[in-house]
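> Numbering (our numbering), first residue to last: 55 to 199. Virtual Cβ for every residue (Gly too), placed ideally from N, Cα, C. The structure presented is a predicted model; accordingly, all values stated were derived computationally and were not measured. Take a look at this one; I'll ask things after.
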(Lines of atoms letter the chains of each structure in order from A; the text may use other names.)
(Lines give C-alpha, C1' and ligand atoms only; values in the text may rest on other atoms or scores of the structure.)
Protein backbone atom coordinates (compact mmCIF):
# COMPACT_ATOMS: atom_id res chain seq x y z
CA UNK A 55 0.00 0.00 0.00
CA UNK A 56 2.89 2.37 0.73
CA UNK A 57 4.58 1.77 -2.58
CA UNK A 58 1.39 2.17 -4.60
CA UNK A 59 0.63 5.51 -2.94
CA UNK A 60 4.18 6.74 -3.48
CA UNK A 61 4.32 5.53 -7.08
CA UNK A 62 1.03 7.32 -7.75
CA UNK A 63 1.76 10.62 -6.00
CA UNK A 64 5.34 11.23 -7.12
CA UNK A 65 4.64 11.36 -10.90
CA UNK A 66 1.67 13.66 -10.23
CA UNK A 67 3.95 15.97 -8.25
CA UNK A 68 6.62 15.91 -10.98
CA UNK A 69 4.03 16.67 -13.65
CA UNK A 70 2.55 19.51 -11.58
CA UNK A 71 5.98 21.13 -11.22
CA UNK A 72 6.55 20.73 -14.95
CA UNK A 73 3.20 22.28 -15.89
CA UNK A 74 3.70 25.11 -13.39
CA UNK A 75 6.56 26.48 -15.54
CA UNK A 76 4.02 27.89 -18.00
CA UNK A 77 1.42 29.10 -15.51
CA UNK A 78 2.69 32.68 -14.91
CA UNK A 79 2.52 33.38 -18.65
CA UNK A 80 -1.19 32.62 -18.80
CA UNK A 81 -1.94 35.85 -16.88
CA UNK A 82 -4.94 34.01 -15.45
CA UNK A 83 -5.41 33.12 -11.79
CA UNK A 84 -7.36 29.88 -12.34
CA UNK A 85 -4.51 27.94 -13.99
CA UNK A 86 -1.94 28.39 -11.23
CA UNK A 87 -4.58 27.71 -8.58
CA UNK A 88 -5.52 24.39 -10.19
CA UNK A 89 -1.90 23.30 -10.62
CA UNK A 90 -0.99 24.33 -7.08
CA UNK A 91 -4.07 22.58 -5.67
CA UNK A 92 -3.03 19.33 -7.38
CA UNK A 93 0.57 19.81 -6.24
CA UNK A 94 -0.50 20.52 -2.67
CA UNK A 95 -2.94 17.62 -2.47
CA UNK A 96 -0.42 15.13 -3.85
CA UNK A 97 2.39 16.43 -1.63
CA UNK A 98 0.22 16.59 1.49
CA UNK A 99 -0.97 13.00 1.01
CA UNK A 100 2.56 11.78 0.29
CA UNK A 101 4.14 13.00 3.55
CA UNK A 102 2.57 10.50 6.01
CA UNK A 103 3.00 7.62 3.55
CA UNK A 104 6.67 8.42 3.02
CA UNK A 105 7.24 8.78 6.76
CA UNK A 106 5.59 5.43 7.42
CA UNK A 107 7.70 3.78 4.71
CA UNK A 108 10.87 5.30 6.20
CA UNK A 109 9.89 3.92 9.60
CA UNK A 110 9.33 0.47 8.08
CA UNK A 111 12.66 0.50 6.25
CA UNK A 112 14.61 1.59 9.33
CA UNK A 113 12.63 -0.50 11.83
CA UNK A 114 15.09 -1.17 14.63
CA UNK A 115 15.80 2.57 14.73
CA UNK A 116 13.30 4.65 16.68
CA UNK A 117 10.64 6.38 14.50
CA UNK A 118 11.55 9.70 16.13
CA UNK A 119 15.11 9.43 14.83
CA UNK A 120 13.98 8.57 11.31
CA UNK A 121 11.42 11.36 11.08
CA UNK A 122 13.80 13.92 12.58
CA UNK A 123 16.54 13.06 10.09
CA UNK A 124 14.04 13.24 7.20
CA UNK A 125 12.72 16.60 8.45
CA UNK A 126 16.22 18.04 8.90
CA UNK A 127 17.23 16.84 5.44
CA UNK A 128 14.16 18.45 3.94
CA UNK A 129 14.89 21.73 5.71
CA UNK A 130 18.50 21.70 4.52
CA UNK A 131 17.51 20.97 0.92
CA UNK A 132 14.82 23.66 1.11
CA UNK A 133 17.39 26.24 2.22
CA UNK A 134 19.76 25.21 -0.57
CA UNK A 135 16.95 25.45 -3.16
CA UNK A 136 15.98 28.91 -1.91
CA UNK A 137 19.56 30.12 -2.32
CA UNK A 138 19.79 28.58 -5.81
CA UNK A 139 16.41 30.02 -6.82
CA UNK A 140 17.47 33.47 -5.63
CA UNK A 141 20.59 33.22 -7.79
CA UNK A 142 18.42 32.25 -10.79
CA UNK A 143 16.33 35.43 -10.55
CA UNK A 144 16.20 37.37 -13.83
CA UNK A 145 17.90 40.78 -14.03
CA UNK A 146 16.14 44.15 -13.92
CA UNK A 147 16.28 44.34 -17.72
CA UNK A 148 14.18 41.17 -18.15
CA UNK A 149 10.50 41.24 -18.99
CA UNK A 150 9.03 41.30 -16.36
CA UNK A 151 11.95 42.54 -14.28
CA UNK A 152 13.45 40.11 -11.76
CA UNK A 153 11.08 37.28 -12.73
CA UNK A 154 11.59 33.77 -11.37
CA UNK A 155 11.11 31.77 -14.60
CA UNK A 156 14.56 30.16 -14.30
CA UNK A 157 13.79 29.13 -10.71
CA UNK A 158 10.57 27.47 -11.88
CA UNK A 159 12.54 25.61 -14.54
CA UNK A 160 15.11 24.54 -11.93
CA UNK A 161 12.37 23.18 -9.64
CA UNK A 162 10.65 21.36 -12.51
CA UNK A 163 13.86 19.77 -13.78
CA UNK A 164 14.74 18.65 -10.27
CA UNK A 165 11.25 17.20 -9.71
CA UNK A 166 11.23 15.34 -13.03
CA UNK A 167 14.74 13.96 -12.43
CA UNK A 168 13.67 12.60 -9.02
CA UNK A 169 10.52 10.85 -10.32
CA UNK A 170 12.29 7.62 -11.46
CA UNK A 171 13.84 6.98 -8.03
CA UNK A 172 10.60 6.24 -6.12
CA UNK A 173 9.31 4.35 -9.15
CA UNK A 174 12.15 1.85 -8.62
CA UNK A 175 11.19 1.15 -4.98
CA UNK A 176 10.51 -2.54 -4.50
CA UNK A 177 12.03 -3.63 -7.81
CA UNK A 178 15.18 -5.08 -6.29
CA UNK A 179 16.79 -5.74 -2.95
CA UNK A 180 15.49 -7.58 0.07
CA UNK A 181 11.83 -6.66 -0.20
CA UNK A 182 10.60 -9.88 1.42
CA UNK A 183 12.62 -9.20 4.58
CA UNK A 184 11.86 -5.48 4.66
CA UNK A 185 8.10 -5.54 4.28
CA UNK A 186 6.29 -4.66 7.47
CA UNK A 187 9.06 -5.73 9.86
CA UNK A 188 7.77 -3.33 12.48
CA UNK A 189 4.22 -4.68 12.28
CA UNK A 190 5.44 -8.27 12.55
CA UNK A 191 7.64 -7.49 15.53
CA UNK A 192 4.78 -5.61 17.23
CA UNK A 193 2.48 -8.60 16.69
CA UNK A 194 5.10 -10.97 18.06
CA UNK A 195 5.47 -8.77 21.14
CA UNK A 196 1.68 -8.74 21.67
CA UNK A 197 1.46 -12.53 21.46
CA UNK A 198 4.28 -12.95 23.98
CA UNK A 199 2.59 -10.68 26.53
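Can you tell which of 108, 137 and 74 has the C-alpha that lies nearest to the C-alpha of residue 125?
Stepping through the chain shown from its first residue, residue 125 is reached at position 71. Minimum Cα distance to residue 125 is reached at 108.
> Decide yes or no for the touch test of the stretch 84-100 against the stretch 121-136: beta carbon pairs closer than 8 Å, at least 3 of them.
Touching, no.
> Return yes when the Cβ of residue 160 is within less than 9 Å of the Cβ of residue 106, no when it is not.
Here residue 106 corresponds to residue number 52 of the chain shown, with the count starting at 1. Here residue 160 corresponds to residue number 106 of the chain shown, with the count starting at 1. Their beta carbons are not under 9 Å apart, which means residue 106 does not touch residue 160 by this criterion.
> With H, G and I counted as helix, E and B as strand and the rest as coil, what does DSSP make of residue 106?
Walking along the chain shown from the start, residue 106 turns up at place 52. DSSP places residue 106 in helix when its eight states are reduced to three.
> What is the residue span of the alpha helix (DSSP H) that residue 158 lies within?
As a working mapping, residue 158 is identified with position 104 in the chain shown. 155-168 is the span of the alpha helix (DSSP H), which, as asked, contains residue 158.
> Counting C-beta neighbours from all protein chains within 10 Å, is the total for residue 174 16 or more, i.e. buried, or is it exposed?
What you label residue 174 is simply residue 120 of the chain shown in a count that begins at 1. So residue 174 ends up on the exposed side.
> By a C-beta neighbour count over all protein chains shown, 10 Å radius and 16 as the cutoff for buried, is residue 178 buried or exposed?
Taking the first residue of the chain shown as 1, we reach residue 178 at position 124. Flag for residue 178 reads exposed.
> Taking the beta carbon of residue 132 as the centre, do at least 16 other beta carbons fall within 10 Å, making it buried, or is it exposed?
Against the chain shown, residue 132 aligns to sequence position 78. Residue 132 is exposed by the Cβ-count criterion.
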